[in-house]
Amino acid sequence: MKSFDVVVIGAGPAGYIAAIRAAQLGLATACVEEWKTPRGEYALGGTCLNVGCIPSKALLESSENYARVLHQFKAHGITASGVKLELKTMLDRKDRIVSRMTSGVAGLFKKNKITWLQGHGRLVSGGTSWKIDVEGEAIEAKHVIIATGSKARHLPGVAVDNKTICDNEGALAFDSVPERLGVIGAGVVGLELGSVWRRLGAKVKVLEALPAFLGAADEAVAQEAWKQFTKNQGLEIELGATISKVVQQKKYVSIQYTGSDNSSKSFECDRLIVSVGRVPNTDGLGAENVGLKLDAKGFIEVDQNCRTGLPRVYAVGDVVRGPMLAHKGEDEGVMVAEIIAGQRGHVNYDAIPWVIYTAPEIAWVGKTEQQLKSEGVAYRAGRFPFAYNGRALGREEPEGFVKILADARTDRILGVHSIGGLASELIAEAVVAIEFGASSEDIARICHAHPSMSEVTREAALAVDKRSLNG
Ligand code: FAD
Ligand code: NAI
1194 MKSFDVVVIG AGPAGYIAAI RAAQLGLATA CVEEWKTPRG EYALGGTCLN
1244 VGCIPSKALL ESSENYARVL HQFKAHGITA SGVKLELKTM LDRKDRIVSR
1294 MTSGVAGLFK KNKITWLQGH GRLVSGGTSW KIDVEGEAIE AKHVIIATGS
1344 KARHLPGVAV DNKTICDNEG ALAFDSVPER LGVIGAGVVG LELGSVWRRL
1394 GAKVKVLEAL PAFLGAADEA VAQEAWKQFT KNQGLEIELG ATISKVVQQK
1444 KYVSIQYTGS DNSSKSFECD RLIVSVGRVP NTDGLGAENV GLKLDAKGFI
1494 EVDQNCRTGL PRVYAVGDVV RGPMLAHKGE DEGVMVAEII AGQRGHVNYD
1544 AIPWVIYTAP EIAWVGKTEQ QLKSEGVAYR AGRFPFAYNG RALGREEPEG
1594 FVKILADART DRILGVHSIG GLASELIAEA VVAIEFGASS EDIARICHAH
1644 PSMSEVTREA ALAVDKRSLN G
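Positions 1194 to 1664 (the numbering used here) are the ones given, in order, by the sequence shown.
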């Protein structure tokens, strides 16, 4: 029987990073992965590399370039005629990036001498070592790291065929731009993929169950995002909608729902994206064989160090509590591998950034203003717009702002919220600040290159003390 110090089940960002770190630390490591490409080949990288972060960002970039040529170049004095969308080329580029990234992980496995066990992994029994079945072969492990990730949640009675009614997988691969696209769920997937197809020419209508838009974001950011997406970009978003029926007709999908005013409504679309969240993936994992505890929503129960209730069994990434973000899973993977190797692995859950890659981008770390209010924390807020920044104007990206929330007594930064160009990159400074316990005064006194978008972060820090220099 093959025997390892560590067997990781799942090779998404949480699992493959855990495997690499374990191998770096000298542990004999294997990783079980069952993902197959549409061509039927086994692939590493999980949701993130195959049908999540990486392909969605490739399409966001391509569609943004298309929108720039059509709508923004004019302002620069560039006119382009005969602009044509070649969707197949765009999708092929995305697929090439995915395959380059997933084979990159295979290369990293080779380099780090990690054994890739291809197929489905199932926990069989425990004791002094753990037994795992991989496609009929018994494998032995001293330590197990479960990183089986998540899958799209579907709505009862709505059959996803990933051609007409799609979750993230189908929505990343439409073979033509739908004339009318429906989206159920105005969360991160709905907004990112809705934006892609809107920019490529679809008329997009998004139905959201909750009465508030982007409830997890700071209210000021959510308000600005609402304005940008609905007024400036033409996404139609309806809040407080209760879906009653989705019927797939021969050539279109009809959706019946109740609006926020309790009236019955309906609309038709050529394709529908169902993006109503994700559920943890423990299908056929054998949790019941070994007494692995799941919570009421199906997540594997873990402590702050990702230990399950079973000895030497850990779980990381989307399959456990916390935000479903690739970098959160990666950090948990590193933490667990280091703990197994006898080191002091650690994740600071208060310093995990969120980014929504729409245009403008949205990014934040730490507490929102509404959270601080509800927790009764005294704070000071500073906000500065990109419209006063020379680099932002040069980039033709004057929308949005950076907002910093700092403790009223100590000035320690509690939250940074941003909507605007390059927000995904700018947020790194805020993460470092929060990780190091910096004050807004620290950022205000650090030299920021001119002209750069990052000057807006400094000006927002100065604004906390009401002493912005350029506005
Ligand atoms: P996964 O990536 O889901 O990987 C789990 C792996 O385990 C899968 O490959 C699966 O095949 C395998 N597996 C499951 N069960 C078994 C078994 N029993 N045996 C063998 N293998 C098994 N996050 C970000 O941070 N930034 C983004 O920009 C971003 N964009 C996204 C865009 C979309 C459209 C979607 C859907 C998600 C996005 N996410 C993003 C979320 C991100 O993809 C997830 O948080 C991340 O993939 C979770 O990593 P994971 O390793 O926990 O699980
Ligand atoms: P989500 O949780 O972000 O959003 C789902 C939305 O659907 C919510 O607003 C919810 O209220 C709504 N909803 C739920 N049921 C509904 C119903 N019956 N009718 C109408 N609306 C309904 O989930 P999403 O967008 O599917 O993404 C899943 C996860 O993947 C995200 O939470 C995030 O963790 C991750 N992700 C991260 C990205 C990033 O970091 N940029 C990009 C895409 C996904």
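Using N, Cα and C, we set each Cβ at its ideal position, and we do this for glycine too.
- Take the alpha-carbon of serine 1617 and the one of alanine 1585: they are about 15 Å apart.
- Per DSSP, alanine 1334 is one residue of the beta strand (DSSP E) stretching across 1330-1339.
- Note on geometry: alpha-carbon atoms of alanine 1418 and proline 1578 lie some 14 Å from one another.
- In chain order, Leu1237 place their CB closer than 6 Å to the CB of alanine 1299, counting only its own chain and leaving out the 5 sequence neighbours on each side.
- Here histidine 1336 is buried: its Cβ has 16 or more other Cβ atoms, across all protein chains shown, within 10 Å.
- With respect to the 8 Å criterion, leucine 1485 and isoleucine 1493 are classified as neighbours on the basis of their beta carbons.
- Of all alpha-carbon atoms in Gly1312, Lys1490, Ser1437, the one lying nearest the alpha-carbon of glutamate 1234 is that of Gly1312.
- The C-alpha of proline 1371 is placed about 39 Å away from the C-alpha of leucine 1301.
- The continuous beta strand (DSSP E) containing serine 1457 extends over residues 1457-1462.
- Nearest to methionine 1294 by alpha-carbon distance, out of Ile1555, Asn1498, Thr1603, Val1244, is Val1244.
- Contact between the segment 1568-1577 and the segment 1539-1559 is absent, with fewer than three C-beta pairs closer than 8 Å.
- Taking 8 Å as the cut-off, the Cβ atoms of proline 1404 and glycine 1433 count as close.
- Apart from the 5 residues on each side of it in sequence, glycine 1477 sits with its Cβ closer than 8 Å to the Cβ of His1313, Arg1315 in its chain, given in chain order.
- For leucine 1384, the closest of Gly1394, Glu1401, Tyr1445 by C-alpha to C-alpha distance is Glu1401.
- Phenylalanine 1629 counts as exposed, since fewer than 16 other beta carbons sit within 10 angstroms of its beta carbon.
- Secondary-structure assignment with DSSP links phenylalanine 1594 through a beta bridge to Pro1578, Ile1612.
- Along the segment 1459-1522, the beta strand (DSSP E) occurs as fully enclosed runs of 3 or more residues at 1464-1467, 1471-1473, 1506-1508, listed in sequence order.
- For lysine 1324, the secondary structure class from DSSP, reduced to helix, strand or coil, is strand.
- With contacts defined by Cβ atoms closer than 8 Å, aspartate 1604 and serine 1632 form a contacting pair.
- Between lysine 1560 and arginine 1471, the gap from beta carbon to beta carbon reaches 8 Å or more.
- Boundaries of the beta strand (DSSP E) harbouring alanine 1556: 1554-1559, taken from the DSSP string.
- The three-state reading of DSSP puts glycine 1526 in helix, counting H, G and I together.
- Selection Arg1660, Val1291, Tyr1209, Lys1287 evaluated against valine 1225 yields Tyr1209 as nearest (Cα-Cα).
- Rounded to whole angstroms, the separation of the alpha carbons of glutamate 1333 and tryptophan 1323 is 6 Å.
- The beta-carbon separation of cysteine 1359 and isoleucine 1466, rounded to 5 Å, stays under the 8 Å limit for a contact.
- Taken in chain order, the whole beta strand (DSSP E) runs of length 3 or more contained in the segment 1264-1321 are 1308-1311, 1314-1318.
- Cβ neighbours of glycine 1538 within its own chain (closer than 8 Å, five residues either side excluded): Asn1498, Val1527, Met1528, Val1529, Ala1530, Glu1531, Ile1532.
- For serine 1447, the pairing in a beta bridge is given by DSSP as Val1440, Glu1461.
- Taking the C-beta atoms as reference points, aspartate 1524 is found no nearer than 8 Å to proline 1473.
- Taken from the Cβ of valine 1381, at least one heavy atom of the ligand NAI lies inside 7 Å.
- Sorting Lys1566, Ala1623, Leu1252, Trp1557 by C-alpha distance to the C-alpha of valine 1414 places Trp1557 at the top.
- Annotated three-state conformation of cysteine 1224 is strand, per DSSP.
- The alpha-carbon of aspartate 1496 is positioned some 14 Å away from that of isoleucine 1339.
- If you ignore the 5 residues before and after glycine 1587, its C-beta comes within less than 8 Å of the C-beta of Pro1644, all in its own chain and listed in chain order.
- Contact annotation, alanine 1621 with valine 1609: C-beta distance approximately 11 Å; criterion of less than 8 Å not satisfied.
- The C-beta of isoleucine 1430 has 16 or more other C-beta atoms within 10 Å across all chains shown, which makes the residue buried.
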